[in-house]
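Contents: one structure, followed by commentary.
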Amino acid sequence: ILNHIATEKIANPTQCLFGITYTTVNFKTELDTTTNIIKTYDQCKVETVGENSLASSLGLKKGDLFKSVTIKRNLTVTTYTLQHAHELADLTLLLRAGDGISIVVERSGKDVTLGDYENFTIKSTNLVECDKTDYILSK
């Protein structure tokens, strides 16, 4: 995601503000016996939801665990399964005004879909400008 942003020709890069604070929880490691590679996973747990924020409009609540984010831009729909909490921060850099969004969270042990990417769109007021050089990765 970050490489995509760093190479994109965007005059004024923006970042979407969800209006939440979160912690990283449920860290685990797992051996992929097919490749013999150890994989790590963790989750993003919502701690606070700001009033009148994108998160409150979507219906996020304290304790929700992010599982996936679906973004619809023009006619393209892409679902990002979150395997690490930091991936949510990365996704905030991809969102643009007019993008549709829906989020799947785990709430009280059940998957809940919040928002409908066909009808729930990001507004320009959800975005703030950021310095693109902050996101260029070292080679």
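Count along the sequence shown from 1, then add 3; that gives the number in our numbering.
Ideal placement from N, C-alpha and C gives every residue a C-beta, glycine not left out.
Just so you know, these numbers come straight off a predicted model, no measurement behind them.
Which class does residue i belong to by DSSP, given the choice of helix, strand or coil?
{"i": "THR73", "result": "strand"}
{"i": "GLU54", "result": "coil"}
{"i": "GLU90", "result": "helix"}
{"i": "SER105", "result": "strand"}
{"i": "THR24", "result": "strand"}
{"i": "ASN129", "result": "helix"}
{"i": "THR38", "result": "coil"}
{"i": "LEU61", "result": "helix"}
Going by beta-carbon coordinates alone, are residue i and residue j separated by less than 7 Å?
{"i": "GLU50", "j": "THR26", "result": "yes"}
{"i": "ILE106", "j": "VAL131", "result": "no"}
Using CA atoms only, rank isn't needed, just tell me which of the options is closest to residue i.
{"i": "ALA100", "options": "SER127, TYR120, THR81", "result": "SER127"}
{"i": "LYS48", "options": "HIS89, GLY118, LEU98", "result": "HIS89"}
{"i": "GLY118", "options": "ASP45, THR36, GLY62, LEU78", "result": "GLY62"}
{"i": "LYS70", "options": "THR32, THR38, ASP45, ASP35", "result": "ASP45"}
{"i": "LYS31", "options": "GLN86, LYS113, LEU96", "result": "GLN86"}
Am I right that residue i and residue j are in contact with their C-beta atoms under 8 Å? What's the rounded C-beta distance?
{"i": "LEU57", "j": "GLY22", "result": "6 Å"}
{"i": "LYS120", "j": "LYS75", "result": "Note on residue identity: the sequence assigns Tyr, not Lys, to residue 120. Correct: roughly 4 Å between the Cβ atoms."}
{"i": "THR84", "j": "CYS19", "result": "Not a contact, Cβ separation roughly 19 Å."}
{"i": "GLY66", "j": "SER59", "result": "With a Cβ gap of about 15 Å, GLY66 and SER59 do not count as contacting."}
Going by DSSP, what residues sit across from residue i in a beta bridge?
{"i": "TYR44", "result": "LYS31"}
{"i": "TYR83", "result": "VAL72"}
{"i": "ARG110", "result": "LYS113"}
Mind checking whether the beta-carbon of residue i lies closer than 6 Å to any heavy atom of the ligand PLP?
{"i": "LEU63", "result": "Among the components modelled here there is no ligand, and therefore nothing to report on the ligand PLP."}
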